[in-house]
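Visitor: Per the numbering used here, the sequence shown starts with residue 39, numbered consecutively. Beta carbons are placed, not taken as given, at the ideal position from N, Cα and C, and that holds for glycine. No experiment lies behind these values; they were computed from the predicted model shown. Take a look at the following structure, please.
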Amino acid sequence: MDVRSHNRDAWDRNVDEGNRWTQAVNSEVISKARHGTFEILLTPQKPVPMEWFPQLGGMPTLCLASAGGQQAPILAAAGAAVTVVDNSPKQLEQDRFVAQRDGLEINTVEGDMADLSRFPDNTFGLVFHPCSNCYVPDVIAVWQECHRVLRPGGVLLTGFVNPVRYLFDDERKENGNLQLRYRLPYSDLEHLDDSHVQKIVNSGRALEFGHTLQDQIGGQLNAGFMLTGLFEDEYKESDDDPVSRYMSTFIATRAVR
Ligand SMILES: C[S@@+](CC[C@H](N)C(=O)[O-])C[C@H]1O[C@@H](n2cnc3c(N)ncnc32)[C@H](O)[C@@H]1O
Numbered sequence: 039m040d041v042r043s044h045n046r047d048a049w050d051r052n053v054d055e056g057n058r059w060t061q062a063v064n065s066e067v068i069s070k071a072r073h074g075t076f077e078i079l080l081t082p083q084k085p086v087p088m089e090w091f092p093q094l095g096g097m098p099t100l101c102l103a104s105a106g107g108q109q110a111p112i113l114a115a116a117g118a119a120v121t122v123v124d125n126s127p128k129q130l131e132q133d134r135f136v137a138q139r140d141g142l143e144i145n146t147v148e149g150d151m152a153d154l155s156r157f158p159d160n161t162f163g164l165v166f167h168p169c170s171n172c173y174v175p176d177v178i179a180v181w182q183e184c185h186r187v188l189r190p191g192g193v194l195l196t197g198f199v200n201p202v203r204y205l206f207d208d209e210r211k212e213n214g215n216l217q218l219r220y221r222l223p224y225s226d227l228e229h230l231d232d233s234h235v236q237k238i239v240n241s242g243r244a245l246e247f248g249h250t251l252q253d254q255i256g257g258q259l260n261a262g263f264m265l266t267g268l269f270e271d272e273y274k275e276s277d278d279d280p281v282s283r284y285m286s287t288f289i290a291t292r293a294v295r
């Protein structure tokens, strides 16, 4: 199974269907960001604290797996020199749409978050990487690449899914029945039988992986980062997510190279 190719089609389809994480921001949001007022997300609801950002004016910034016409144009309007790397051409098109509409410069690159070899060492001062590493099987490679392309003192802001979300029987979970089923780390490809994987593929949903906290947090530390901030977040009540009724299942971290 070619995960990257399947997930490219899945996210292109999410754009066609207007998924929340693919909706371009409007010109008013961009105009406020030009004046230094903005909120952007690494996780479902809580904006990233302003004190987490370095000075953005002219800052070489990589928005990693972060296309969709949201964070990249906002950071560009706030003064950052933004490159966005994403696997979905239609998600990248959303960033180009906002850039053209509002007169912003954004470098859009189709690529894999785990392979940043097109960028030399020490290229960026900020990497902004919202919840998306659940779409790749190997998160350690992502942290190593982030560390390599960041300059010393550079900041990595990232959101990820608490692996507890992947413990449950999926169909029962949708009905609010949180029955434990899968051992972590989780992989759609390894934990589900062939017919279930085929069902996901046929439905056009992205394939997912539930990385352990050791790989998410320890992985950043082992890559050479120093953790300087962490908060938890959850879906809104209106998203009717049974796990979020019991705990926050998303984590955002700030790390410095
Ligand atoms: C939940 S969306 C995040 C972007 C969104 N703008 C946000 O607000 O968080 C996940 C993104 O990860 C991207 N993605 C999935 N697999 C990827 C990969 N292997 N390399 C780069 N991007 C990938 C998808 O195309 C999608 O744009």
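Is the beta carbon of Gly-192 less than 9 Å from the beta carbon of Gly-163?
Guide: Yes, the Cβ-Cβ distance between Gly-192 and Gly-163 is below 9 Å.
Visitor: Under 7 Å Cβ to Cβ from Glu-246, same chain only, skipping five residues before and after it: list those, please.
Guide: Cys-172, Tyr-173 and Asp-226, listed in sequence order.
Visitor: Does the beta carbon of Arg-79 fall short of 8 Å from some heavy atom of ligand 1?
Guide: One point to set straight first is that residue 79 is Leu, not Arg, in the sequence displayed. Flag set: Cβ of Leu-79 near ligand 1.
Visitor: Identify the continuous alpha helix (DSSP H) that holds Glu-66 and give its terminal residues.
Guide: Glu-66 -> alpha helix (DSSP H) spans 65–72.
Visitor: For Glu-183, does the three-state DSSP call read helix, strand or coil?
Guide: In this structure, Glu-183 counts as helix in the three-state DSSP scheme.
Visitor: Assuming Gly-197 and Leu-80 form a contact by the criterion Cβ under 8 Å, report the distance between their Cβ atoms to the nearest whole angstrom.
Guide: 3 Å between Cβ atoms; contact.
Visitor: Beta carbon of Val-187: closer than 8 Å to some heavy atom of ligand 1?
Guide: Every heavy atom of ligand 1 is 8 Å or more from the Cβ of Val-187, so no.
Visitor: Taking only three categories from DSSP, how would you classify His-249?
Guide: If DSSP states are grouped into helix, strand and coil, His-249 belongs with coil.
Visitor: May I ask you to check if the CB of Gly-96 is nearer than 8 Å to at least one heavy atom of ligand 1?
Guide: Answer for Gly-96: no, Cβ out of range of ligand 1.
Visitor: Closer than 8 Å: is that where the CB of Tyr-173 sits relative to any heavy atom of ligand 1?
Guide: Yes, since a heavy atom of ligand 1 falls inside the 8 Å radius drawn around the Cβ of Tyr-173.
Visitor: Following the continuous beta strand (DSSP E) through Asp-124, name the residue where it begins and the one where it ends.
Guide: Its beta strand (DSSP E) spans residues 119–124.
Visitor: Do you know how far the Cα of Val-120 is from the Cα of Lys-70?
Guide: Spanning the two alpha carbons is a distance of roughly 18 Å.
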